[in-house]
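To convert, count from 1 in the sequence shown and add 1; that's my numbering.
Glycine included, C-beta positions come from ideal geometry on N, C-alpha and C.
Quick caveat: nothing in here was measured; it's all calculated off a predicted structure.
Note sheet for the following structure.
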Amino acid sequence: MQKEKRITKMRYYFAPLEGITGYVYRNVHHRHFPGTDRYYMPFVAPNYTKHFKTREKQDVAPENNTGLTAVPQVLSNKADEALWAIFELAALGYEEVNLNLGCPMPTVARKKKGSGLLKYTDELDAYLDGVFRGIEARTSDMPPVRVSVKTRLGTDSTDEADALIRIYNRYPISELIVHPRCQKDLYRGTPDQEAFLHVWQNSVNPVVYNGDIRTPEDVKKICKACEETVVHSGDAGQPNRAVIGRDGTAKAPDRAVIGHSGTAKMLDRVMIGRGLLADPSLVRQCQGGSPITNEELAAFHEELYQRFDETLPGTKVVLSHMKELWFYMGNLFADGEKYLKEIRRAGNRTQYEAAVRVMLSVCSLKR
Ligand SMILES: Cc1cc2nc3c(=O)[nH]c(=O)nc-3n(C[C@H](O)[C@H](O)[C@H](O)COP(=O)(O)O)c2cc1C
2 MQKEKRITKM
12 RYYFAPLEGI
22 TGYVYRNVHH
32 RHFPGTDRYY
42 MPFVAPNYTK
52 HFKTREKQDV
62 APENNTGLTA
72 VPQVLSNKAD
82 EALWAIFELA
92 ALGYEEVNLN
102 LGCPMPTVAR
112 KKKGSGLLKY
122 TDELDAYLDG
132 VFRGIEARTS
142 DMPPVRVSVK
152 TRLGTDSTDE
162 ADALIRIYNR
172 YPISELIVHP
182 RCQKDLYRGT
192 PDQEAFLHVW
202 QNSVNPVVYN
212 GDIRTPEDVK
222 KICKACEETV
232 VHSGDAGQPN
242 RAVIGRDGTA
252 KAPDRAVIGH
262 SGTAKMLDRV
272 MIGRGLLADP
282 SLVRQCQGGS
292 PITNEELAAF
302 HEELYQRFDE
312 TLPGTKVVLS
322 HMKELWFYMG
332 NLFADGEKYL
342 KEIRRAGNRT
352 QYEAAVRVML
362 SVCSLKR
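So this is what it looks like as structure tokens:
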């Protein structure tokens, strides 16, 4: 039998990274390395006061997000507060708002927010129920808006994944972005691929993979793993798995494993965070393009440094932002540790600029 040829256009999303991928970073990245399909914004955290903070307002302001697709994110556990933020953001023109159910930071998780909400499944269900009822009940003067979810796969263990997917399947989540670690893992260990595959197979909503993608090969690996989970039944060429339906019972495969065209579904979207911070050209490489050059990195760095200087309050804050970026970008260099130390040690602009000049002119990029 002739093997069916499926061509999947992969979509690449830039993960939200609080304190780093604000509007300045997003714009500069997009100008120097176009090709990323969407930029997810670091979360805004509405509360009972129903006001955005000044920094949040700046980050979501449409004039600071022109020319790229940016998706705002809301961190909450109360449907009324989340709905307030969702409709405010929709009124600004955003067509999608993402709910953060992944943040692992103990200060957040302790308040049953982010991945801290995941083990309270009744409360999670009630939160999503309230949000999606509110979206459905919107009046005609409110703009339509899609709601996506970014989630880890548990609070204490990724064994919680099965209970979570049963909940997520009850709602019309536009995309389920899955980082297959649990809250307790923080960023330790490796993503739980098996737990991801369970969700990928059983989700009735489109799934996005997120976690530890650092090279184009990493994208290929997770796509291959997904492909291998689709069990073909004889010559029908159709997957034969049962999936968990919206009512929580097993049912025949539907769009969870079969694409709209009727052929087996492929993983066609990934979200990348730290890998893109480390190598801003990673999406281009995943799309078959060339690796970053010293000149490109220098130009990217120069504009970021300038724009941070114009928008952040004072040298100390600017340098601390740049040093945080070098924590990731330093990985691009084969022999950079000695020079990275100089960057980390720099106490003023002159020292910082000199250290970066040396780094960019003396060190060679890994190939
Ligand atoms: C410094 C930092 C800040 C982050 N901020 C957010 C955030 O605001 N919202 C969110 O959903 N995830 C946030 N994350 C998680 C990332 O979006 C992403 O899920 C995680 O880093 C795993 O993907 P990666 O391995 O490609 O980086 C943050 C992660 C880091 C390291």
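Kindly indicate which three-state DSSP category Gly260 falls into: helix, strand or coil?
In the sequence shown, counting from the first residue as 1, residue 260 sits at position 259. Its pLDDT being 45, under 50, Gly260 is placed unreliably in this model, and the value from its coordinates should be taken loosely. Coil, per DSSP.
In chain order, what residues of the same chain lie with their CB nearer than 6 Å to the CB of Glu343, ignoring the 5 residues before and after it?
The residue you call residue 343 lines up with position 342 of the sequence shown. Excluding residues within five positions, the ones whose Cβ falls inside 6 Å are Ala356.
Between the beta-carbon of Arg147 and the beta-carbon of Glu97, is there less than 8 Å?
As a working note, residue 147 is residue 146 in the sequence shown. As a working note, residue 97 is residue 96 in the sequence shown. Yes, these two residues count as a Cβ contact at 8 Å.
Within this structure, are the beta carbons of Glu19 and Asn48 separated by less than 8 Å?
By 1-based counting over the sequence shown, the position of residue 19 is 18. By 1-based counting over the sequence shown, the position of residue 48 is 47. No, the pair does not count as a contact, with Cβ atoms beyond the cut-off.
Under 7 Å from any heavy atom of ligand 1, does the C-beta of Ile273 make it?
Your numbering for residue 273 matches position 272 in the sequence shown. Ile273 Cβ: within cutoff of ligand 1.
Which one or two residues does DSSP pair with Arg12 in a beta bridge?
Position 11 of the sequence shown, counted from the start, is the residue given in the question as residue 12. DSSP lists Arg270 as partners of Arg12.
For Pro17, I'd like the list of residues in its chain whose CB is within less than 6 Å of its CB, leaving aside the five on either flank, ordered along the chain.
Position 16 of the sequence shown holds residue 17. Closer than 6 Å at Cβ, skipping near neighbours: Tyr41, Met42, Pro43 and Gln74.
Residue of Asp186, Pro107, Leu165 and Lys185 minimising C-alpha distance to Ile178
Position 177 of the sequence shown, counted from the first residue, corresponds to residue 178. Of the candidates Asp186, Pro107, Leu165 and Lys185, the one whose C-alpha sits nearest the C-alpha of Ile178 is Leu165.
Note down the Cα distance separating Ala91 from Leu198, rounded to an integer number of angstroms.
As a first step, residue 91 must be located in the sequence shown, where it is residue number 90. As a first step, residue 198 must be located in the sequence shown, where it is residue number 197. C-alpha separation (whole angstroms): 32 Å.
Rounded to whole angstroms, what's the CA-CA distance from Val25 to Thr9? Just pull it up for me.
Here residue 25 corresponds to residue number 24 of the sequence shown, with the count starting at 1. Here residue 9 corresponds to residue number 8 of the sequence shown, with the count starting at 1. Cα to Cα, Val25 sits roughly 32 Å from Thr9.
Exposed or buried, which one is Arg368 when buried takes at least 16 other CB atoms within 10 Å?
By 1-based counting over the sequence shown, the position of residue 368 is 367. That one is exposed.
In whole angstroms, give me the CA-to-CA distance for Ser282 and Ile214.
For the purposes of this step, residue 282 is identified with residue 281 of the sequence shown, where counting begins at 1. For the purposes of this step, residue 214 is identified with residue 213 of the sequence shown, where counting begins at 1. Those two C-alpha atoms are separated by around 13 Å.
Counting beta carbon pairs with one atom in the region 128 to 135 and one in the region 53 to 73, are three or more of them shorter than 8 Å?
no
Please report the straight-line C-alpha distance between Phe53 and Glu229, rounded to a whole angstrom.
Numbered from its first residue, the sequence shown carries residue 53 at position 52. Numbered from its first residue, the sequence shown carries residue 229 at position 228. Roughly 45 Å between the two C-alpha positions.
Taking the C-alpha atoms as reference points, what is the distance between Ile297 and Arg171?
The residue labelled residue 297 in the question sits at position 296 within the sequence shown. The residue labelled residue 171 in the question sits at position 170 within the sequence shown. For the sequence presented, residue 297 should be read as Glu rather than Ile. Whole-angstrom Cα-Cα distance: 46 Å.
Quick one: Cα of His261 to Cα of Pro207, how far?
Start at 1 with the first residue of the sequence shown, and residue 261 comes out as number 260. Start at 1 with the first residue of the sequence shown, and residue 207 comes out as number 206. Here His261 scores only 41 on pLDDT, less than 50, and its place in the model should not be relied on; the value that follows carries that caveat. Distance between the alpha carbons of His261 and Pro207: 11 Å.
Going by Cα to Cα distance, which pick from Asn101, Cys104 and Asp160 is closest to Gln194?
Here residue 194 refers to the residue found at position 193 of the sequence shown. Taking only the C-alpha atoms, the option nearest Gln194 is Asp160.
Near Val200, which residues of its chain fall below 6 Å by C-beta distance, leaving aside the five closest residues on each side in sequence?
By 1-based counting over the sequence shown, the position of residue 200 is 199. These residues qualify, in order along the chain: Ala162, Ile166 and Val179.
Extent of the continuous beta strand (DSSP E) run through Gln74:
The count along the sequence shown starts at 1 and reaches residue 74 at position 73. It spans Ala71 to Val75 - the beta strand (DSSP E) in which Gln74 sits, taken as one unbroken run.
With a 10 Å radius around its C-beta and 16 neighbouring C-beta atoms as the bar for buried, classify Arg32 as buried or exposed.
In the sequence shown, residue 32 corresponds to position 31, counting from 1. That one is exposed.
Starting from the C-beta of Leu333, find all residues in its chain whose C-beta is less than 8 Å away, skip the five residues before and the five after it, and write them out in chain order.
Within the sequence shown, residue 333 is the residue found at index 332, counting from 1. Counting only Cβ-Cβ distances below 8 Å, and skipping sequence neighbours, we find Ala279, Asp280, Ile293, Leu298, Leu366 and Lys367.
Kindly indicate which three-state DSSP category Arg358 falls into: helix, strand or coil?
Here residue 358 is taken as the residue at index 357 of the sequence shown, counted from 1. In the structure shown, Arg358 sits in a helix (DSSP, three-state: H, G or I).
In the DSSP assignment, what are the bridge partners of Lys151?
One-based indexing of the sequence shown puts residue 151 at position 150. Answer is Asn101 and Ile178.
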